[in-house]
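K.L.:
Shown below is the structure under consideration.
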């Protein structure tokens, strides 16, 4: 008899039970896939930051500004390759609720420091040469349907235009892409000079600086030199790698995320325990039949293999369909959530993890009954049946 | 009728008595129910705690004014002449010293979080005498109030709880300036406890704020009546401000973690489906195991209905036990758990998980539902199976 047919018959002998078991596994992996994708999306900015990029903030807090004179001083520090400065604009489009990540930057050095930003050469030139020009990320342009040459009004929830009102008019000079799919392109960049000339506060201050070092091994030394340079001045600095900064920022959201994810993962494992228990029991019920098979001359190793394959198969059928559903779900909400979580993606890594858990589930639930079957003594088994 | 009840009771007792024989099955069912309930409660307690922290902060007698479009205090900028104009406006309460108007300032500083050891944003709020008096629910828990014109500050109880280095007598450095902690205040657990308070003029001069502010709080002449204020703002082009009652402002900010409750309900609902499948499986198997026993009972003259009820009762007992365990676990692990997160104003909001009685009720309902559904179908099947078939199958 075909081995697979036998396994199939065993599996489907109680269709309702098979369905319920698979369904529970399906749900467990649906949640696993969706929640892990969510978690990875939340952490992705940490992993994407370049190794040799440092950020320099005011020591008081990153919302406090720095004098622009610091820019030249930092550029002169040994080990610094490129440095640029940025100002947070607090932009929104038409309504305060539609926030737009927008920063006033020094254009040429910005593109040197942020190599992830990919702009066609002619658009780059056009942006450099147009003081009112703005470089818009691909995803952001998609959300609002902006095209090159469009004039777009962007308002600030912090600054006031010196002509009155809070709205600045920009011209879309170029649209940039990220060098990888994960790079968040929901942002826009415009000229620092234009910003300074048109806002009412005046002054020569910058929000923060970003710089690349010659080599990531110099990071610590460069950071220390910069902070020492400005120690005991009116504006002390705090220099750290971008990675460390992003990580600290995400930690501000706090252990809430951690609590949620640990709760969900505990639940995931508990469902697996509950299901595994039923699966193992389902096989134990069949002790008598296994004795019959042995009597008929099935070798012990063959039975071992069959029992194990059965539980593996159940785990995989339920798990893979759950994972597929999670993928559909993530793909489905991706565009909808793009504004909040641009990097929501169920990638190979997550699928691989899920696969490992499925195999483990199949293995653990199948192994013990399979061993019992392997070592089963026919006579005792028949005796037990009575 | 009496005999039916007697039958149901004896079948139920028998089922419960034999639970030990199906130990693993029963435990699986308890576990499934416990997990679903615990998850739901964890999410709800978090959302509840945050909402309470926000809601408790807002008074309907106080209006808060910010630059239009700013949406939070952090972004807003207000100038001295605007403060003066508001002081002259209708609808603002006055006392012997003049209008009850408190211009306020907000500098974000770094503190080291105890939980992670990393820096996180804390608001350092500048207040004057009027502003202090307006916060009627403020109480000094320890120490004394700061002296205006000095580098002294008082810290909120929440900050003290979640951050290192803000104990009384400690000196804290923000930029070039050393601040001394002279007191700890409580505002009844609301969001103000996540703040540091100091003298407004001192902050203005230390952090180059000139004569600018970020928000204005004013006591209203009539409770929650912001209309006269709104009218004067509309008439006066120099007042580019938005006005709302403090209650409305914090209510909208409290909605922020509402998504956690929603997310919690969705996840628990989906998980409940999975757990329900597990529980149904368990009950089906357990009933199938006892098909012969149930058939015997029926052959002895017990009614179908009592067999049915006995099985449902067993499932409900298991599910409710699980529900209790789950609630207990959630209570032990989460109730009063202090945490903080980034709030709407870009600063840390310190709050505690709150496991209120109505949450337990929701958990109990969920457990009962799981028990009922997972017991119903297997019980139905067992009660309808012809006695003769049951005997033949079991043989």
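Residue numbers (the numbering used here), protein chains in the order written: chain A, 3 to 388; chain B, 115 to 509. Cβ atoms here follow ideal geometry from the backbone N, Cα and C, with glycine treated the same way.
1) The region 135-154 of chain B: which residues have C-beta closer than 9 Å to a C-beta of chain A, in chain order?
2) By DSSP, does residue 165/A sit in helix, in strand, or in coil?
3) In its own chain, which residues sit with a C-beta less than 6 Å from the C-beta of residue 469/B, not counting the 5 before and 5 after it?
4) Are residue 307/B and residue 172/B touching if we call contact CB-CB under 9 Å?
5) Please classify residue 10/A as buried or exposed, where buried requires at least 16 neighbouring CB atoms within 10 angstroms.
6) Any C-beta of chain B sitting closer than 9 Å to the C-beta of residue 388/A?
7) Grouping DSSP H, G and I as helix and E and B as strand, with all else coil, what is residue 60/A?
8) Quick one: list the residues of chain B neighbouring residue 269/A, beta-carbon separation under 7 Å, in chain order.
9) Could you tell me whether the Cβ of residue 197/A comes closer than 9 Å to any Cβ of chain B?
10) Residue 279/A versus chain B: which residues are under 9 Å apart at the beta carbon?
11) What residues in the region 288-308 of chain B bring their beta carbon closer than 8 Å to a beta carbon of chain A?
12) If you measure from the beta carbon of residue 247/B to each beta carbon in chain A, is any gap under 9 Å?
13) Mind listing, in chain order, the continuous alpha helix (DSSP H) runs of no fewer than 4 residues lying wholly within the region 349-415 of chain B?
14) I need the boundaries of the alpha helix (DSSP H) containing residue 442/B, first residue and last residue.
15) Step through the CB atoms of chain E and report whether any lies within less than 9 Å of the CB of residue 254/A.
16) Residue 509/B to residue 402/B, Cα distance in whole Å?
17) Report yes if the C-beta distance between residue 63/A and residue 197/A is below 9 Å; otherwise report no.
18) What are the residues that DSSP puts in a beta bridge with residue 282/B?
19) In chain order, which beta strand (DSSP E) runs of at least 3 residues are fully inside the region 449-480 of chain B?
20) So, with DSSP's three-state summary, where would you put residue 254/B?
21) Are the C-beta atoms of residue 505/B and some chain A residue less than 9 Å apart?
22) With DSSP run on the structure shown, which of helix, strand or coil describes residue 133/B?
23) Verify the CB distance criterion: does residue 347/A have a CB-CB separation below 9 Å to chain B?
24) Residue 385/A by DSSP, collapsed to three states: which one?
25) Take residue 481/B and list the residues in its own chain whose beta-carbon comes closer than 6 Å to its own, dropping the five residues that flank it on each side.
26) Pull up the distance between the alpha-carbon of residue 388/A and that of residue 382/A, whole angstroms please.
27) Taking contact to mean at least 3 C-beta pairs separated by less than 8 Å, is the region 315-325 of chain B in contact with the region 294-305 of chain B?
28) Hey, residue 216/A and residue 83/A are a contact pair by Cβ (cut 8 Å); roughly how many whole angstroms apart?
29) Distance cutoff 9 Å, beta carbons only. Does residue 160/B sit that close to anything in chain A?
30) Span of the alpha helix (DSSP H) holding residue 144/A?
31) Output the residue ranges of the alpha helix (DSSP H) runs that lie fully inside the region 76-139 of chain A and measure 4 residues or longer, sorted by chain position.
32) Among residues of its own chain, excluding the 5 on either side of residue 283/B, which ones have a beta-carbon nearer than 7 Å to its beta-carbon?
33) Classify residue 217/B as buried or exposed, calling it buried when 16 or more other Cβ atoms lie within 10 Å of its own Cβ.
34) Taking only the alpha-carbon atoms, compute the straight-line gap between residue 271/B and residue 461/B and give it to the nearest angstrom.
35) Checking the sheet assignment: what are the DSSP bridge partners for residue 69/A?
36) According to the Cβ coordinates, are residue 98/A and residue 466/B closer than 9 Å?
P.N.:
According to the structure shown:
1) 138, 139, 141, 142, 143, 145, 146, 148, 149, 150, 152 and 153
2) Residue 165/A sits at position 163 when you count from the first residue of the first chain. Coil, per DSSP.
3) Reading the second chain from its first residue, position 355 is the one you call residue 469/B. Only 159, 445 and 449 meet the Cβ criterion.
4) Numbered from its first residue, the second chain carries residue 307/B at position 193. Numbered from its first residue, the second chain carries residue 172/B at position 58. No, the pair does not count as a contact, with Cβ atoms beyond the cut-off.
5) Reading the first chain from its first residue, position 8 is the one you call residue 10/A. That one is exposed.
6) Walking along the first chain from the start, residue 388/A turns up at place 386. The predicted position of residue 388/A is uncertain, since its pLDDT is 46 and thus under 50; a value taken from the coordinates is nonetheless stated next. No, no contact with chain B.
7) Along the first chain, read from residue 1 onward, the residue named residue 60/A stands at position 58. If DSSP states are grouped into helix, strand and coil, residue 60/A belongs with the strands.
8) Locating residue 269/A in the first chain gives position 267, where the first residue counts as 1. Residues of chain B passing the Cβ test: 149, 153 and 385.
9) Locating residue 197/A in the first chain gives position 195, counting from the first residue. Output row for residue 197/A: interface = no.
10) Reading the first chain from its first residue, position 277 is the one you call residue 279/A. Within chain B, the residues near residue 279/A are 138, 139, 141, 142, 145, 392 and 396.
11) 288, 289 and 290
12) The residue labelled residue 247/B in the question sits at position 133 within the second chain. No, its Cβ sits nowhere closer than 9 Å to a Cβ of chain A.
13) 360-368, 372-403 and 405-413
14) As a first step, residue 442/B is located in the second chain; it is residue number 328 there, counting from the start. Its alpha helix (DSSP H) spans residues 418-448.
15) Protein chains A and B are contained in the structure displayed, whereas chain E is not.
16) As a first step, residue 509/B must be located in the second chain, where it is residue number 395. As a first step, residue 402/B must be located in the second chain, where it is residue number 288. In this prediction, residue 509/B has a pLDDT of 45, which is less than 50 and means its spatial position is unreliable; what the coordinates show is noted afterwards. Whole-angstrom Cα-Cα distance: 12 Å.
17) Along the first chain, read from residue 1 onward, the residue named residue 63/A stands at position 61. Along the first chain, read from residue 1 onward, the residue named residue 197/A stands at position 195. Here residue 63/A is not near residue 197/A, since their CB atoms are 9 Å or more apart.
18) Counted from its first residue, the second chain places residue 282/B at position 168. Paired residues: none, contrary to the question.
19) 452-456 and 462-466
20) By one-based count along the second chain, residue 254/B stands at place 140. Reduced to three states, the DSSP call for residue 254/B is strand.
21) One-based indexing of the second chain puts residue 505/B at position 391. Closer than 9 Å: no.
22) Here the question's residue 133/B lines up with position 19 in the second chain. In the displayed model, residue 133/B falls within a helix according to three-state DSSP.
23) Taking the first chain and counting its residues from 1, one reaches residue 347/A at position 345. No - not a single Cβ of chain B is within 9 Å of the one on residue 347/A.
24) Numbered from its first residue, the first chain carries residue 385/A at position 383. Reduced to three states, the DSSP call for residue 385/A is helix.
25) Taking the first residue of the second chain as position 1, residue 481/B is located at position 367. Cβ neighbours of residue 481/B beyond the five flanking positions: 147, 151, 433, 434 and 437.
26) Position 386 of the first chain, counted from the start, is the residue given in the question as residue 388/A. Position 380 of the first chain, counted from the start, is the residue given in the question as residue 382/A. Confidence in residue 388/A is poor, its pLDDT being 46 and thus under 50, which makes the residue's placement too unreliable to answer from.
27) no
28) Along the first chain, read from residue 1 onward, the residue named residue 216/A stands at position 214. Along the first chain, read from residue 1 onward, the residue named residue 83/A stands at position 81. At roughly 5 Å, the Cβ-Cβ gap stays under 8 Å, so residue 216/A and residue 83/A are in contact.
29) Taking the second chain and counting its residues from 1, one reaches residue 160/B at position 46. For residue 160/B, the answer is yes, since a Cβ of chain A falls inside 9 Å of its Cβ.
30) Numbered from 1 along the first chain, position 142 holds the residue referred to as residue 144/A. Taken as a continuous stretch (DSSP letters only), the alpha helix (DSSP H) holding residue 144/A covers 140-146.
31) Taking only runs of at least 4 residues, the alpha helix (DSSP H) segments lying wholly in the region 76-139 of chain A are 109-115 and 123-131.
32) Taking the second chain and counting its residues from 1, one reaches residue 283/B at position 169. If we look at residue 283/B and ignore the five residues flanking it on each side, its Cβ neighbours are 295.
33) Numbered from 1 along the second chain, position 103 holds the residue referred to as residue 217/B. Residue 217/B is buried by the Cβ-count criterion.
34) The sequence position of residue 271/B within the second chain is 157, counting from 1. The sequence position of residue 461/B within the second chain is 347, counting from 1. If I take the Cα positions, the gap works out to 16 Å.
35) Reading the first chain from its first residue, position 67 is the one you call residue 69/A. Partner(s): 207/A.
36) By 1-based counting over the first chain, the position of residue 98/A is 96. By 1-based counting over the second chain, the position of residue 466/B is 352. Cβ atoms of residue 98/A and residue 466/B: not closer than 9 Å.
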